[in-house]
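Visitor: Before anything else, here's the structure in question.
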Amino acid sequence: MAIRSALGDLDTTWTRLLAGETAVRSRFLFDNIPARPIAMIAEQPIEVTDLLDLTLADLLTDQRKSVDWWDCAVSIGSSRSMQRSWEAWHRWQIGETRSGSLDAVENRLPHLPWLETLPHAPALRVARRIESRGAVFAPMAACATGLWSIARAVVAIESGECDRVIAGSVEAPISPLTIATFDRMGALSQAACRPFDRSRSGLALGEGAALLLLESRQAATQRQAKILGRIASAGMTADAHHISAPDPNITAACAAVRQCLTRGHWRAESVDYIHLHGTGTQLNDRREAELVQTLFPQGVAVSSSKGATGHTIGASGAIGAVLCLKAIATQVIPPCVGTQDLEFELDLVRSARSSPVKRTLCFSFGFGGQNVVLALEKE
């Protein structure tokens with residue numbers, strides 16, 4: 073498995089996260105858009121293709137045992153995908169239109185490999201890189217994209233479509249349109265990202281990607297792969313409530329968690345840790361806290377990584393899933409960075425906690441009311 077976040081690669085991200093560090097910084101990047109807290113990998117916004125290539129290289133390097141890639145499926149989603157390319161092209165077109173006739177502009181349009189900028193481009197790019205002839209899936213479910221991509225990969229393996237899948241998500245959301253849109257919605261923080269804090273004021277956008285190599289038990293055993301964990305089940309529902317606001321009635325979100333527990337044959341009491349969506353917005357955090365209090369009244373250790381990595385939108389769920397597997401592997405629960413004055417009665421981990429971790433859940437909630445929950449456990 074592999075991560076690229078504003079904190080670094082997988083090992084660096086994990087080390088810095090456990091140390092309570094944050095990559096969120098106030099940045100002024102675009103004209104006419106005020107400075108906002110953002111988590112970036114470099115000094116300038118990264119292209120989604122470059123971010124994907126870095127993460128894939130990490131994943132392939134991590135596979136020290138021989139892997140037969142020719143029939144490996146790919147399930148990689150992105151909420152924004154190639155949006156930065158579209159924005160750049162549009163800005164060029166508008167600028168040229170203002171300086172000349174429309175016909176002249178059409179004759180001078182820069183070469184844009186249009187098919188390379190469609191939403192499924194990241195998934196196809198990975199399939200080409202590994203020279204796979206397997207199925208290619210490119211889920212898009214806003215902030216729930218990452219977990220949906222992994223859940224789809226699990227279905228592909230369990231149904232016999234394939235023996236292995238590269239699954240995950242990538243997001244390079246730092247663009248004028250994305251920042252302006254979230255800002256107009258009132259979703260961006262004016263300062264730090266503080267999940268579940270009384271003084272939280274919104275999310276901080278971040279760049280990131282996470283990829284996992286999922287295999288059937290037989291395929292992994294045959295090549296003597298190191299098994300890092302098992303995906304036990306997933307639950308998916310929709311609020312059918314609003315285009316962006318979560319439903320204050322948590323019925324659908326509860327159903328997603330219950331589906332996941334039932335399909336995995338788990339009891340709520342057996343869950344050791346939950347990686348929460350935890351965006352730092354008023355609505356999400358209040359609703360998610362109620363969800364945990366309702367379904368886990370006995371208490372369970374929880375945290376969110378977004379105070380450290382920023383909200384990586386479509387990549388956030390896949391990053392959360394990898395962090396759950398790291399918690400299982402190291403028996404350490406990562407902290408919720410940035411939270412100082414906890415508003416809710418939760419067992420929110422605020423400094424790295426050594427604790428037995430066998431079963432974990434990862435939550436993702438996307439615009440449009442998309443609820444996805446993934447169950448991961450120690451093999």
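Take 73 as the starting number for the sequence shown in the working numbering and just add one per residue. We put the beta carbon where it would ideally sit given N, CA and C, even for glycine. As the structure is a computational prediction, the values presented were derived from the model and not from experiment.
1. Between which residues of its own chain and S171 is the CB-CB distance below 8 Å, once the five residues before and five after are set aside?
2. So for E119, helix, strand or coil by DSSP?
3. Output needed for N179: all residues of its chain with C-beta closer than 6 Å, excluding positions within five of it in sequence on either side, in chain order.
4. Relative to the C-alpha of S221, which candidate in S427, S388, L79 has its C-alpha closest?
5. Are C265 and A252 close, meaning C-beta to C-beta below 9 Å?
6. One question on the structure: do K378 and G278 come within less than 9 Å of each other, judged by their Cβ atoms?
7. In the DSSP assignment, what residue or residues form a beta bridge with P106?
8. Is it the case that the Cβ atoms of A304 and R330 are separated by a distance below 9 Å?
9. May I have the straight-line CA-CA distance separating P406 from L420, to the nearest angstrom?
10. If you drop the 5 nearest sequence neighbours on each side, which residues of the same chain put their C-beta closer than 6 Å to that of V146?
11. Determine the DSSP secondary structure at P407, reduced to helix, strand or coil.
12. Contact defined as beta carbons within less than 8 Å: I believe G280 pairs with T384. What is the distance between those atoms, to the nearest angstrom?
13. Considering only their Cβ atoms, is the gap separating G438 from C215 smaller than 9 Å?
14. DSSP state of Q261, grouped into three classes?
15. Under the rule that 16 or more other beta-carbon atoms within 10 Å means buried, what is R314, buried or exposed?
16. Hey, out of D122, S423, A95, whose CA is closest to V242's CA?
17. When DSSP labels each residue in this structure, what does E287 get in the three-state scheme?
18. Using the three-state DSSP reduction, which class does C215 fall into: helix, strand or coil?
19. Let me make sure I understand the geometry here. Which of S376, G206, T250, L89 has the alpha-carbon closest to that of D436?
20. Mind checking whether the beta-carbon of V343 lies closer than 8 Å to any heavy atom of the ligand NAD?
21. Using a threshold of 9 Å, state whether the C-beta atoms of T351 and P267 are closer than that.
22. Measuring straight from C-alpha to C-alpha, what distance separates S173 and T217?
23. How long is the line joining the alpha carbons of D103 and R156, rounded to whole angstroms?
24. Do E415 and D269 have their beta-carbon atoms positioned less than 9 Å apart in this structure?
25. Per the DSSP calculation, C326 is bridged to which residue(s)?
26. For the alpha helix (DSSP H) containing A399, list its first residue and its last residue.
27. Check each candidate in P106, E203, S151, E93 and name the one with the smallest Cα separation from L132.
28. For the candidate residues L219, A297, P191, whose alpha-carbon lies nearest to that of A306?
29. Rounded to a whole number of angstroms, what is the C-alpha to C-alpha distance between D175 and A107?
30. Am I right that A328 and T309 are in contact with their C-beta atoms under 8 Å? What's the rounded C-beta distance?
31. Assuming V394 and L82 form a contact by the criterion Cβ under 8 Å, report the distance between their Cβ atoms to the nearest whole angstrom.
32. Identify every run of the beta strand (DSSP E) within the stretch 332–380, keeping only runs that are complete inside it and at least 3 residues long; order them along the chain.
33. Can you list, in chain order, the residues of its chain whose CB lies under 6 Å from that of V404, leaving out five sequence neighbours each side?
34. If you drop the 5 nearest sequence neighbours on each side, which residues of the same chain put their C-beta closer than 7 Å to that of Q442?
35. Given that a residue counts as buried once 16 or more other Cβ atoms are within 10 Å of its Cβ, and exposed if not, what is S77?
36. Using only the alpha-carbon positions, how far apart do T411 and R272 sit?
Guide: Based on what the coordinates show:
1. Unreliable placement is indicated for S171, whose pLDDT of 47 sits below 50; no coordinate value is reported for it.
2. Correct three-state label for E119: coil.
3. Confidence in N179 is poor, its pLDDT being 49 and thus under 50, which makes the residue's placement too unreliable to answer from.
4. Closest by alpha carbon: S388.
5. Cβ distance not < 9 Å, so C265 and A252 don't count as in contact.
6. In this structure, K378 sits near G278, with a CB-CB distance shorter than 9 Å.
7. Answer is none; P106 lacks a bridge partner.
8. No, they are not a contact pair.
9. So the alpha carbons of these two residues sit roughly 10 Å apart.
10. Spatial neighbours of V146 in its own chain (CB-CB distance under 6 Å, excluding positions within 5 residues in sequence) are listed in chain order as A195, V198, A199, V208, I238.
11. In this structure, DSSP gives P407 a state outside helix and strand, which the three-state scheme calls coil.
12. So it is a contact: roughly 4 Å between Cβ atoms.
13. Their beta carbons are under 9 Å apart, which means C215 touches G438 by this criterion.
14. Looking at the sequence provided, one finds Ser at residue 261 rather than Gln. S261: coil per DSSP, three-state reduction.
15. For clarity, residue 314 is His in the given sequence; the question names Arg instead. Around the C-beta of H314, fewer than 16 other C-beta atoms lie within 10 Å, and the residue is accordingly described as exposed.
16. The shortest Cα separation from V242 among D122, S423, A95 belongs to D122.
17. Under the three-state reduction of DSSP output, E287 falls in the strand class.
18. Three-state result, C215: strand.
19. As written in the sequence, residue 436 is Ser, which differs from the Asp given in the question. The option with the nearest alpha carbon to S436 is S376.
20. Among the components of this structure there are no ligands whatsoever, and the ligand NAD is therefore not found.
21. Yes, Cβ-Cβ distance for T351 and P267 is below 9 Å.
22. A caution first: S173 carries a pLDDT of 46, below 50, which makes its placement in the model unreliable, though a value can still be read off. So the alpha carbons of these two residues sit roughly 41 Å apart.
23. Each residue's Cα considered, the two are about 16 Å apart.
24. A contact, by the Cβ cut-off of 9 Å.
25. Beta-bridge pairing links C326 to no other residue.
26. Segment 388–402, the alpha helix (DSSP H) holding A399.
27. Comparing alpha carbon positions, the residue from P106, E203, S151, E93 closest to L132 is E203.
28. Nearest C-alpha to A306: L219.
29. Reliability of the predicted coordinates at D175 is poor, the pLDDT of 48 falling under 50, and the value obtained from them is presented with this limitation in mind. If you take the alpha carbons of D175 and A107, they lie about 37 Å apart.
30. Confirmed, about 4 Å.
31. Sure, about 7 Å apart at Cβ, within 8 Å.
32. Taking only runs of at least 3 residues, the beta strand (DSSP E) segments lying wholly in the stretch 332–380 are 345–347, 373–375.
33. Counting only Cβ-Cβ distances below 6 Å, and skipping sequence neighbours, we find A424, S426.
34. Excluding residues within five positions, the ones whose Cβ falls inside 7 Å are A213, A214, A216, A310.
35. It is buried - the Cβ of S77 has at least 16 other Cβ atoms within 10 Å.
36. Rounded to the nearest angstrom, the two C-alpha atoms are 8 Å apart.
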